[in-house]
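Novice:
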Ligand code: SAH
C-alpha cells in the first residue's frame, strides 16, 4: 500500500494528524519514507547540498572544528558528531582536513546520527577507507554527553518536523492533515490554543497568518548546548532559514527533481523541509547554557574562513579545474545563490565569544 493510502487509513481511524506527524512519516517511515528509501542528492536526485558542491565546504568546516578544539586546549578523547550526514561527503572532507592536527584524530570518537539505513550504508562505504572509529545512532541522546562534543549539522534542522498554527477569528488553531475519500487535505483543529500557550510576538499576525515552530529542533539545540556547556566542544548549525521572523507565512515546502511540488501530493516521494528559525535555535542554545555566535550568512562565514584563498590554491595545483572551482565558490557564497539564504550558528562553551568566521 502506498504511504498516501496508509496515511489516509490512519487518519480515517484516529482523526487528523499534525503537520509534524505527517513530516515524520513522509520522511522517515522505515519502509516508504523519503530518506529511508533513496539517495536524494546530486544532479540526478532532488537537491544538492554545500558539501556535494565542493570539497572546500567540508575543508572550511573541518578547519573551524579543529580550531575550536585547539582554542580549548586540545582536550583528549574528543567526540565528533554529525547530524544527518547524507552521503558522508562532509564527514570525509572534515576527517581529511583534520589531518593538519593529528592529535585531534588520535582517540577521536566519530558518531553519525542517521535515521536512514540506505544512507548509513552509503556513509559507511565512504568513510571505511579513512581509518576513523565511526559508529551510528538514530538520534542524538545522553550517551553523547560524556566527552567534549564537536558537532556539525548541515541541512539537518530543516528536515525536522514543524508544527503550524493559523490565526483565525477564534484564536490560533493548529493546522492538521485530514483525509477525504482517500485524498489528504489540510484542515484546522477546531479548538484553538489556550491564550496562555500562545507565544509572545504573534499579536500583529493577520487573519490567516501562519506561525511555524519546530519543537524537535529547539529541544535538540538545547540538548547540544547543555553538553557543550558541561564538557566543552563546539557546535556548528548550517541551514537555510531566517535570523528574525518577518511576517507570518508558512515555509514548509516539498521538492522533487529540483522543483517545488505540492506538499501533500506524494508523501515519501518528495523531500519535505521548512526554513530554520535561527532566532529560536539561538534562544534554545542559550537556555542550554552555551555561548552563541551568529547567525551569520554562509557567505560571510565561508569568506571569513578563507574559501576564496583556498579556491586559488586549488586552482594553482589544478588549473584545468579553475572554472569549476570559481563556479563552486560563487554558488556557496554568492548572495543570489546559497550565500545569503543559508545561515551559520555556533554553539560554544560559556564565555567563548571570539569565534573564527563570526564577527566579534
Ligand atoms: N548533511 C548532508 C545531508 C542533508 S539531508 C549534506 O549536507 O549533504 C538530511 C540528512 O538528515 C539525511 O541524511 C537524512 O537521512 C537525515 N535525517 C533527516 N531527518 C532525520 C532524523 N529525524 N533523524 C536522523 N536523521 C535524519
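Numbering (the working numbering), first residue to last: 22 to 381.
Just so it is clear, CB atoms sit at the ideal spot from N, CA and C, and this is done for glycine as well.
Please read these numbers as outputs of a predicted model, since none were measured by experiment.
#1: If you follow the beta strand (DSSP E) that residue 197 is part of, which residue opens it and which one closes it?
#2: Can you give me the C-alpha to C-alpha distance between residue 245 and residue 165, rounded to a whole angstrom?
#3: So does the region 190-200 actually touch the region 158-172, counting three or more Cβ pairs closer than 8 Å?
#4: Unbroken alpha helix (DSSP H) runs of length 4 or more, entirely within the region 210-297: which are they?
#5: What three-state label does DSSP hand residue 128 in the structure shown?
#6: So, at 7 Å on beta carbons, what are the nonlocal neighbours of residue 143 in its own chain, with the 5 sequence-adjacent residues on each side left out?
#7: Exposed or buried, residue 227, counting other C-beta atoms within 10 Å across all chains shown (16 or more means buried)?
#8: Just to check, is the beta-carbon of residue 108 closer than 7 Å to a non-hydrogen atom of ligand 1?
#9: Using DSSP's beta-bridge definition, name the partner residues of residue 175.
#10: Could you work out which residue in 150, 119, 247 and 197 is closest to residue 35 when comparing CA atoms only?
#11: Which word fits residue 288, buried or exposed, when buried means at least 16 other C-beta atoms lie within 10 angstroms of its C-beta?
#12: Residue 157 to residue 302, Cα distance in whole Å?
#13: Confirm, please, whether the CB-CB distance from residue 275 to residue 281 is below 8 Å.
#14: Give every residue of the same chain whose Cβ lies closer than 7 Å to the Cβ of residue 361, excluding the five residues on either side of it in the sequence, and list them in chain order.
#15: Given a cut-off of 8 Å, decide if residue 26 and residue 277 are closer than it, judged by their beta-carbon atoms.
#16: Short check: CB of residue 256 to CB of residue 368, under 8 Å?
#17: If you drop the 5 nearest sequence neighbours on each side, which residues of the same chain put their C-beta closer than 7 Å to that of residue 237?
#18: Buried or exposed: which applies to residue 359, given that a residue is buried once 16 or more other Cβ atoms fall within 10 Å of its Cβ?
#19: Kindly indicate which three-state DSSP category residue 185 falls into: helix, strand or coil?
#20: Excluding the 5 residues flanking residue 323 on each side, which residues of the same chain have their C-beta closer than 7 Å to its C-beta?
#21: For residue 337 and residue 90, I'd like the C-alpha separation in whole angstroms.
#22: Ligand 1 heavy atoms versus the CB of residue 134: any closer than 7 Å?
#23: Quick check on this structure: which residue in 105, 222 and 187 has the alpha carbon closest to the alpha carbon of residue 178?
#24: On the DSSP letters alone, give me the boundaries of the alpha helix (DSSP H) that residue 146 sits inside.
#25: If you drop the 5 nearest sequence neighbours on each side, which residues of the same chain put their C-beta closer than 6 Å to that of residue 309?
#26: Compare the beta carbon distance of residue 293 and residue 24 with 8 Å and say whether it is the shorter of the two.
#27: Taking the alpha carbon of residue 233 as the point to measure from, which residue in 222, 272, 74 and 138 has its own alpha carbon closest?
#28: Is there at least one non-hydrogen atom of ligand 1 closer than 7 Å to the beta-carbon of residue 70?
Specialist: In short:
#1: 192-201
#2: 9 Å
#3: no
#4: 236-252
#5: coil
#6: 60, 108 and 109
#7: exposed
#8: yes
#9: 259
#10: 197
#11: buried
#12: 24 Å
#13: yes
#14: 318 and 320
#15: no
#16: yes
#17: 181 and 182
#18: buried
#19: strand
#20: 81, 353 and 354
#21: 30 Å
#22: yes
#23: 105
#24: 138-148
#25: 243, 246 and 247
#26: no
#27: 272
#28: yes
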